[in-house]
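K.L.:
Be aware that the sequence shown starts at 3, since it is given in our numbering, and climbs by one per residue.
Sharing a structure below in structure tokens format, with a few things to ask.
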Amino acid sequence: MPENRSYVAPAVVRLPQYTKADQEEILGDGDDPFGVASVGLIWLPKEEHFAIRHEGRLVAHAGLLRLPVAIGGAATEVVGVGGVAVAPGMQGRGLARLVVTAALEHARTMGPEHALLFCRPPLVALYRRLGWHLLDGGVLVEQPEGRLVTMPLQTMVTPLRDDARWPPGPVRLFSLPM
Ligand SMILES: CC(C)(COP(=O)(O)OP(=O)(O)OC[C@H]1O[C@@H](n2cnc3c(N)ncnc32)[C@H](O)[C@@H]1OP(=O)(O)O)[C@@H](O)C(=O)NCCC(=O)NCCS
């Protein structure tokens with residue numbers, strides 16, 4: 003950062019929609035931008051979108067949606083976080099932290115007590131740094147034709163209220179993963 007100039011954090015904006023073209027603006031048009039193709043799962047699109055623009059171009063995104071789950075047999079909801087992406091040339095500058103923090107601020111107004119995400123093992127340390135905790139045990143998620151599969155990626159959660167405690171017991175999503 004140049005001296006004598008105060009740093010102004012980039013603004014996070016809410017997007018009314020988030021298209022494939024928007025994602026490609028951030029991550030390019032490679033066929034596996036999230037590095038999860040090998041797990042062979044079908045994913046849900048997100049419903050609420052938070053983004054950062056730099057010089058008129060989308061450079062960061064995080065998506066949210068409410069998901070029905072059972073935790074230890076009790077039906078509830080979580081806010082699913084997904085589609086977290088920062089343009090390759092802009093990574094390592096805190097943009098994921100900014101956009102995920104803004105998305106979670108909104109998630110706190112959505113009702114559920116926790117947010118949940120799935121990620122590849124190399125990203126666990128990054129999300130821990132952002133205040134997420136690794137969930138032990140397999141999480142069941144749905145796939146087309148009602149198939150139930152155990153999520154092969156890591157599952158992480160973060161509380162959306164000060165008094166929220168993740169309940170013990172197995173976790174089952176009543177939807178595709180996000
Ligand atoms: C994963 C991704 C979103 C990270 O974006 P980013 O802008 O580089 O991340 P940030 O710079 O905001 O880093 C967030 C924090 O994690 C920390 N961090 C980054 N890599 C880390 C690592 N390997 N171990 C520990 N902490 C790490 C950073 O230091 C930062 O912490 P700080 O704010 O306290 O300094 C980006 O690399 C990306 O878009 N990858 C491709 C798409 C993808 O895989 N998305 C994830 C879907 S779950």
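Each residue gets a CB set at the ideal place from its N, CA and C atoms; glycine is no exception.
(1) Given that a residue counts as buried once 16 or more other Cβ atoms are within 10 Å of its Cβ, and exposed if not, what is isoleucine 73?
(2) Alpha carbon to alpha carbon, what distance is there between valine 81 and aspartate 164?
(3) Using alpha carbons as the reference points, say which of Leu69, Phe36, Met92 lies closest to arginine 59.
(4) Got a sec, what are the start and stop residues for the beta strand (DSSP E) valine 15 sits in?
(5) For threonine 21, does the three-state DSSP call read helix, strand or coil?
(6) Should proline 124 be counted as a contact of ligand 1 given a C-beta to heavy atom distance under 8 angstroms?
(7) On the three-state DSSP scale, how would you describe leucine 142?
(8) Where does the unbroken alpha helix (DSSP H) through arginine 99 begin, and where does it stop?
(9) Taking the beta carbon of isoleucine 54 as the centre, do at least 16 other beta carbons fall within 10 Å, making it buried, or is it exposed?
(10) What is the chain-ordered set of residues for which the beta carbon lies under 5 angstroms from any non-hydrogen atom of ligand 1?
P.N.:
Based on what the coordinates show:
(1) buried
(2) 16 angstroms
(3) Met92
(4) 14-17
(5) coil
(6) yes
(7) strand
(8) 97-109
(9) buried
(10) Phe36, Val86, Ala87, Val88, Gln93, Gly94, Gly96, Leu97, Ala98, Arg99, Cys121, Ala127, Leu128, Arg131
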